Ligand SMILES: NC(=O)c1ccc[n+]([C@@H]2O[C@H](COP(=O)([O-])OP(=O)(O)OC[C@H]3O[C@@H](n4cnc5c(N)ncnc54)[C@H](OP(=O)(O)O)[C@@H]3O)[C@@H](O)[C@H]2O)c1
């Protein structure tokens, strides 16, 4: 595996060649004695995501997941009209057509679990989706179990891939609940999440103590605090990492406005700011997948493209950081 020391060295010494995670993927594949499975690309020209989506291994099991997932906060918190649901149908269609599967949601994202559950069932995709949800805003064992049972009902499933303790709330009790559900086979992985830099030290302490399968944290080209402790720790302990807020909840797009994507990135096929921001997160060696949220089909296609081809080189990362400075 690509080491943290090497990451720190090579980010300082910009070099040409393959991206960091591409090196790590090759190392992981070699270590496992297998070739990463290529995900079949779609055939429709409107849905086309060129090339196969990259996948990465979950350290605790070796299961591989596509590097582009999706969030549901805001984007799936909608009403029941066709005008609101039709774009989401297309967002999901393009997502699965590209070979993506990882969907992050939470019972406290108002109706997001209901909307996602209904649309997946309608398209017969419930069994294909790699569903991540949370124990969120609850206190006590009974409340945690009750919320999870309700989540299963809303998502129209009898199990999920990942159950995360949201924002470290009622941590000890909810981690115990999550582990019990894992033992019962209703959950495959357990995790912890947060979304602000000021919580990252506490999150690192929790990761150290609990050694969950996953952690989910914010990381972007302008919020790089996770590089200091929590991401290296996850890498050392073999904890998979999901990145939220890679677009700073959309604020990064306003920051770059009409500025062009740096040539250092476009010359290797990065054709939008969204791809640049997602590839930035994915080029940290601790990161397993990103979960950008959109309710717009063309933006979904754009985001999916970030999961193809090599990750950013150290020089490209530096060019992006400079462009946003
Ligand atoms: N504590 C936690 O566990 C926690 C906290 C925060 C987030 N999360 C998870 O992480 C997910 C992602 O975070 P987030 O939703 O807060 O923020 P984000 O993914 O950084 O940004 C989402 C925003 O970016 C816009 N966007 C998406 N793709 C775009 C593109 N290609 N071009 C231009 N604009 C684009 C979206 O607008 P449109 O919808 O209009 O396209 C939306 O306003 C959440 O949905 C949630 O699942 C978890």
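Numbering (mature numbering (1 follows the signal peptide of the UniProt record, and there is no 0)), first residue to last: -21 to -1, 1 to 304. For every residue, glycine included, the Cβ atom is placed at its ideal position computed from N, Cα and C. Remember, predicted model here, so these are calculated numbers, not experimental data.
Residue environment for residue 125: exposed (fewer than 16 other C-beta atoms within 10 angstroms of its C-beta). Within its own chain, the residues whose Cβ lies closer than 6 Å to the Cβ of residue 172, once the five positions on either side in sequence are excluded, are 143, 145, 195, listed in chain order.
The segment 98 to 118 makes contact with the segment 79 to 86, as at least three CB pairs between them are under 8 Å. Sequence-distant Cβ neighbours of residue 248 in its own chain, meaning closer than 8 Å and more than five residues away, are 288. Unbroken beta strand (DSSP E) runs of no fewer than 3 residues, entirely contained in the segment 61 to 106, are found at 81 to 83, following chain order.
Judged by their CB atoms, residue 69 and residue 276 are nearer to each other than the 9 Å cut-off.
For ligand 1, a non-hydrogen atom lies closer than 8 Å to the CB of residue 275. Assignment of alpha helix (DSSP H) within the segment 141 to 207, counting only whole runs of 4 or more residues, yields 150 to 162, 179 to 189 in chain order. Proximity to residue 46 across 292, 301, 264 peaks at 264, based on C-alpha coordinates. A straight line joining the alpha-carbon of residue 67 with that of residue 286 spans about 20 Å.
Under DSSP, residue 111 forms a beta bridge with 83, 141. Inclusion of residue 261 and residue 33 in the CB contact set at 9 Å is warranted, their separation being smaller than that value. Put simply, of 283, 60, 304, 58 the residue whose alpha carbon is nearest the alpha carbon of residue 203 is 304. Ligand 1 approaches residue 113 closely enough that one of its heavy atoms is under 8 Å from the residue's Cβ. Shortest gap from the CB of residue 187 to any heavy atom of ligand 1: 8 Å or more.
From the listed residues 250, 191, 155, the smallest Cα separation to residue 238 is found for 250. Proximity of the beta carbon of residue 184 to ligand 1 is not indicated: no heavy atom of the ligand is located closer than 8 Å. Residue burial annotation: residue 61 is exposed, with fewer than 16 other C-beta atoms found within 10 angstroms of its C-beta.
In the displayed model, residue 268 falls within a strand according to three-state DSSP.
Distance from the CA atom of residue 189 to the CA atom of residue 246, rounded to whole angstroms, is 43 Å. In the three-state reduction of the DSSP assignment, residue 216 falls in the helix class, which pools H, G and I.
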